[in-house]
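As structure tokens, the structure follows; a few thoughts come after it.
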Amino acid sequence: MNAFDIAEKFLAVGFCATCLTSFFFIYLTLFHIKKVTGTYKKMVIFFAGWGVFFSGWELIARPFAHNYNNAVIVMSVNTWIPSHCLLQILSALWILFYLAIICLIAVQFVYRYLCLFDPKKSEKFDGYGFIAWISYPFLAPSVHCISFFFFVDKDEKSDEYVRQEMLDVYNITIETAPKFVIIPYGFDNSLNWKGIYFLSTGIFLVFFHYFVILYCGIKMHFNMKSKLLQFSENHGKLQKQLFKALVAQSLVPTLLLVMPAAPVIVSPIIAPFINKFGIQLSLQTGWMYAIFDFYPPIDYIVFMMIVTEYKVLIRKMLSKTKVQPLVVVSIQNPPLTVGFNTASGPT
Numbered sequence: 001m002n003a004f005d006i007a008e009k010f011l012a013v014g015f016c017a018t019c020l021t022s023f024f025f026i027y028l029t030l031f032h033i034k035k036v037t038g039t040y041k042k043m044v045i046f047f048a049g050w051g052v053f054f055s056g057w058e059l060i061a062r063p064f065a066h067n068y069n070n071a072v073i074v075m076s077v078n079t080w081i082p083s084h085c086l087l088q089i090l091s092a093l094w095i096l097f098y099l100a101i102i103c104l105i106a107v108q109f110v111y112r113y114l115c116l117f118d119p120k121k122s123e124k125f126d127g128y129g130f131i132a133w134i135s136y137p138f139l140a141p142s143v144h145c146i147s148f149f150f151f152v153d154k155d156e157k158s159d160e161y162v163r164q165e166m167l168d169v170y171n172i173t174i175e176t177a178p179k180f181v182i183i184p185y186g187f188d189n190s191l192n193w194k195g196i197y198f199l200s201t202g203i204f205l206v207f208f209h210y211f212v213i214l215y216c217g218i219k220m221h222f223n224m225k226s227k228l229l230q231f232s233e234n235h236g237k238l239q240k241q242l243f244k245a246l247v248a249q250s251l252v253p254t255l256l257l258v259m260p261a262a263p264v265i266v267s268p269i270i271a272p273f274i275n276k277f278g279i280q281l282s283l284q285t286g287w288m289y290a291i292f293d294f295y296p297p298i299d300y301i302v303f304m305m306i307v308t309e310y311k312v313l314i315r316k317m318l319s320k321t322k323v324q325p326l327v328v329v330s331i332q333n334p335p336l337t338v339g340f341n342t343a344s345g346p347t
């Protein structure tokens, strides 16, 4: 079984797990959860739905990466869509949707931060503000998505550089693969500014939104006690739980979205320095993309474990589904008594 087959199995399992957990989470939030309300309720529902969309898109686009010295090859291994151009667009959009997840987490942190420290400004997320915060996570990464078609090399030199590697590792002719070849350094180790610009936009988007997450998270952590005094005890507990859930929502994608992608991005940047020691890089990094599909279900499960209302509700649902012990009642008929009139006349 090659790397493509392994990745496909992981994607299928991840997609099924995402659908089950996210639809269950959305059902509970829509029809049973009462304390998570307003704009934040819309946010968590949208975020859950986005997880299903992202997972499904990855199953269709089938992005796969391979790192070879100075180059990283991003290709689609989809076998049932004949158009190479369409597969390239699907792969580029998948990168956009990937970055949108990190942007959505940052938006949630900003909203929770404003709810605690400036409630009036948090009201801007309501009404028409809904359109603004739901659009931003897609507008910012779209710059990186578009840069695929401007900054990524599509010339014969790039194809020639990775031709033999693709043939040896995957038995694929480079001309027949729907791919992007990203080369931050030239073949003589000189800077390739197009590749540098492309990688820089992606790295900037990730680090900028992580900075927003860290800033809001640290401010909320150190100032939450004083702010919670303004709320009732029950509402204060809910705010603490939502903050913990947000922290988990930043840690889980760090482990399952950012860290698996790091080797793909870092490898071509450090390759010239590694090559000086006679080390040649040839890494099948694309299988790590399949890990991304396990992020949504783990994220929803962690959220439901932290917020008490979800835990209580799930326990009630499980207790109702427990099999009740079967009680057998034995009903015995009372013995039949027949009376005879033995009275006799005088003899």
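Be aware that the sequence shown starts at 1, since it is given in the UniProt record's numbering, and climbs by one per residue.
Idealized CB from N, CA, C, for every residue including glycine.
Are the C-beta atoms of residue i and some chain D residue less than 8 Å apart?
i	result
L283	Of the protein chains in this structure there is only one, and it is not chain D.
Can you name, in chain order, every residue of its own chain whose Cβ lies under 7 Å from the Cβ of residue i, other than the five neighbours on each side?
i	result
N234	none
C145	A92, L93, I95, L96
T342	The pLDDT assigned to T342 is 45, lower than 50, so where the model puts this residue is not dependable; a value taken from the coordinates is nonetheless given after this. Cβ neighbours of T342 beyond the five flanking positions: none.
H32	L313
N275	N69
V143	T201
F204	none
If you measure from the CB of residue i, is any heavy atom of the ligand NAP nearer than 7 Å?
i	result
A248	No copy of the ligand NAP appears in this structure; indeed no ligand is present at all.
If you drop the 5 nearest sequence neighbours on each side, which residues of the same chain put their C-beta closer than 6 Å to that of residue i?
i	result
M288	P260
V323	Since pLDDT at V323 reaches only 49, below the 50 mark, its modelled position is unreliable, and the value read off the structure follows with that caveat. For V323, where only same-chain residues beyond five positions count, there are no Cβ hits under 6 Å.
F4	V77
A17	P297
F125	T39, Y111, W133
Which residue wins for smallest C-alpha separation from residue i, given the options the options?
i	options	result
F273	S190, G217, S200	S190
L281	T37, N70, S22	N70
S135	K120, T29, T18, M43	M43
residue 349	F15, H66, E8	Any answer about residue 349 is impossible in this case: the structure gives the chain only from 1 up to 347.
L283	L255, L238, M166, A177	M166
I174	I73, A132, L11	I73
S147	G127, K194, R315, V266	K194
W57	V264, P141, A290, H209	A290
T285	Y170, C115, V143, L139	Y170
T29	V247, K311, N223	K311
P178	V264, F46, K34, P63	P63
A140	I279, L99, S200	L99
L104	L318, F208, S319	F208
V258	D293, G236, S232, K34	D293
C115	I279, L238, C19	L238
Report the three-state DSSP secondary structure of residue i (helix, strand or coil).
i	result
S190	coil
I146	helix
A71	strand
V323	The predicted model places V323 with a pLDDT of 49, which falls under 50 and marks its position as unreliable, so this point remains unresolved.
P296	helix
F25	helix
A48	helix
I105	helix
I81	coil
F64	strand
K316	helix
P260	helix
E175	helix
C232	Note on residue identity: the sequence assigns Ser, not Cys, to residue 232. Reduced to three states, the DSSP call for S232 is coil.
Y161	helix
V181	strand
L90	helix
L281	coil
Would a C-beta distance cut-off of 8 Å place residue i and residue j closer than the cut-off?
i	j	result
I81	L87	yes
I7	F25	The sequence as given places Ala at residue 7; Ile does not occur at that position. Taking 8 Å as the Cβ cut-off, A7 and F25 do not qualify as a contacting pair.
G14	S55	yes
Y295	P253	yes
L251	I298	no
I172	P268	no
L90	L59	no
I102	V206	yes
F109	L246	yes
F117	K227	yes
residue 351	G202	Because residue 351 is not part of the residues shown, which for the chain are 1 to 347, the question remains open.
Looking only at its chain, what residues have a beta carbon closer than 8 Å to the beta carbon of residue i, apart from the 5 residues adjacent to it on each side?
i	result
F130	T39, K42
Y113	C216, K219, M220
S22	A48, G49, G51, V52, P296, P297, Y300
V107	M43, W133, Y136, P137
S158	A71, V181, I183
F187	N70, K157, Y161
A248	D299, V302, F303, I306
A61	S76, N78, L87, L90, S91, L93, W94
C85	P178
Exercise. Do three or more CB pairs link the stretch 300–317 to the stretch 239–248 at distances below 8 Å?
Worked result: yes
Problem set entry | Cβ contact check for the stretch 154–163 and the stretch 207–215: 3 or more pairs under 8 Å | no
Exercise. Can you find at least 3 beta carbon pairs, one from the stretch 141–161 and one from the stretch 118–125, that sit closer than 8 Å?
Worked result: no
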